[in-house]
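Student:
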Amino acid sequence: MTESQAVQSQISSYISKFLKDHFGESPEEMEVQFHPPYLLIHLNGFLLPPEKMLLDRLENKRMLESRDLMMNSLKNDFLEGLGSVSDFKGKELFFDWNLEKESALLLVIAGNTDAESDFSAPPGVHEGPIKDIIEMNSSLTQKKPEKTELF
Numbered sequence: 464m465t466e467s468q469a470v471q472s473q474i475s476s477y478i479s480k481f482l483k484d485h486f487g488e489s490p491e492e493m494e495v496q497f498h499p500p501y502l503l504i505h506l507n508g509f510l511l512p513p514e515k516m517l518l519d520r521l522e523n524k525r526m527l528e529s530r531d532l533m534m535n536s537l538k539n540d541f542l543e544g545l546g547s548v549s550d551f552k553g554k555e556l557f558f559d560w561n562l563e564k565e566s567a568l569l570l571v572i573a574g575n576t577d578a579e580s581d582f583s584a585p586p587g588v589h590e591g592p593i594k595d596i597i598e599m600n601s602s603l604t605q606k607k608p609e610k611t612e613l614f
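My numbering puts the first residue of the sequence shown at 464, with every later residue one more than the last.
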């Protein structure tokens, strides 16, 4: 097992336990991608029984507000715990929920983002069209960002 895989395994175990301790359940599946200074966590099958009832009653907004409130309240504990099980010291945590697919995406960014320049597009991937689509969608939903960087 490589060092990166070992770190990903430690982080996966920590996240599962954290979610179980604070939400009462852990996700059915979890994928962790670790590329300093970023940590990306994709959760699948993460919907609690009371949340299923709310979804059945079309209470999506209320459910999202509840999850956001919990995650914002637990953000510092999550980041501190993450730092205690690995050398990854997260500074920021972002999250997005897809209730219909029972999934979530969490993005943790370390305090040191100097490594950003180490990222390059995989062979055969053209960044221009991707950037154009991101900017177009941003302008349709809110406004076009002043700067768009891809990692």
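Heads up, the beta-carbon is just placed ideally off N, CA and C, and yes, glycines get one too.
When you compare each of A469, F486, L502 and H498 to L511 by their alpha carbons, which one comes out closest?
Tutor: Locating residue 511 in the sequence shown gives position 48, where the first residue counts as 1. Cα-wise, what sits closest to L511 is F486.
Student: Is it buried or exposed for P513, if we count other Cβ within 10 angstroms and need 16 for buried?
Tutor: Against the sequence shown, residue 513 aligns to sequence position 50. With fewer than 16 Cβ atoms within 10 Å of its Cβ, P513 is classed as exposed.
Student: At a Cβ threshold of 8 angstroms, is K606 touching chain D?
Tutor: Considering every chain present, this structure includes no chain D. It has just one protein chain.
Student: What distance in whole Å lies between the Cβ atoms of A573 and K594, which are believed to be in contact at a cut-off of 8 angstroms?
Tutor: Walking along the sequence shown from the start, residue 594 turns up at place 131. Walking along the sequence shown from the start, residue 573 turns up at place 110. At roughly 24 angstroms, the Cβ-Cβ gap does not stay under 8 angstroms, so K594 and A573 are not in contact.
Student: Applying the 10 Å Cβ sphere with the 16-neighbour rule, what's the burial state of L502?
Tutor: As a first step, residue 502 must be located in the sequence shown, where it is residue number 39. L502 should be labelled buried.
Student: I need the boundaries of the alpha helix (DSSP H) containing H485, first residue and last residue.
Tutor: Position 22 of the sequence shown, counted from the start, is the residue given in the question as residue 485. First-last of the alpha helix (DSSP H) with H485: E466 to F486.
Student: Does the separation of the CB atoms of F497 and A567 fall below 8 angstroms?
Tutor: Along the sequence shown, one-based indexing puts residue 497 at 34. Along the sequence shown, one-based indexing puts residue 567 at 104. No, Cβ-Cβ distance for F497 and A567 is not below 8 angstroms.
Student: What's the gap between the Cα of L482 and the Cα of P500?
Tutor: The residue given as residue 482 occupies position 19 in the sequence shown. The residue given as residue 500 occupies position 37 in the sequence shown. Approximately 23 angstroms between the Cα atoms of the pair.
Student: My output table needs one value for S580: the three-state DSSP class, helix, strand or coil.
Tutor: Start at 1 with the first residue of the sequence shown, and residue 580 comes out as number 117. Bear in mind that the predicted position of S580 carries a pLDDT of just 48, short of 50, making it unreliable; the figure below should be weighed with that in mind. S580 falls in the helix class under three-state DSSP.
Student: According to DSSP, is L545 part of a helix, a strand, or is it coil?
Tutor: Position 82 of the sequence shown, counting from 1, holds the residue named residue 545. Three-state DSSP puts L545 in a helix.
Student: Would N523 and L569 qualify as a contact pair, given that the criterion is a beta-carbon distance under 8 angstroms?
Tutor: If you number the sequence shown from 1, residue 523 lands on position 60. If you number the sequence shown from 1, residue 569 lands on position 106. Going by C-beta atoms, N523 is not nearer than 8 angstroms to L569.
Student: Can you check which of these residues, L603, S601 and L613, is closest to V588 by C-alpha distance?
Tutor: Translated into positions along the sequence shown, residue 588 becomes position 125. Closest by alpha carbon: L613.
Student: What residues match up with L556 in a beta bridge as DSSP calls it?
Tutor: Position 93 of the sequence shown, counted from the first residue, corresponds to residue 556. Paired residue(s): V571.
Student: Start and end of the alpha helix (DSSP H) containing E492?
Tutor: The residue labelled residue 492 in the question sits at position 29 within the sequence shown. No alpha helix (DSSP H) contains E492, which is instead part of the beta strand (DSSP E) from E492 to H498.
Student: List the endpoints of the continuous alpha helix (DSSP H) containing L518.
Tutor: Taking the sequence shown and counting its residues from 1, one reaches residue 518 at position 55. From DSSP, the alpha helix (DSSP H) with L518 extends over P512 to D519.
Student: Could you give the residue range of the alpha helix (DSSP H) that holds L603?
Tutor: As a working mapping, residue 603 is identified with position 140 in the sequence shown. Taken as a continuous stretch (DSSP letters only), the alpha helix (DSSP H) holding L603 covers E590 to T604.
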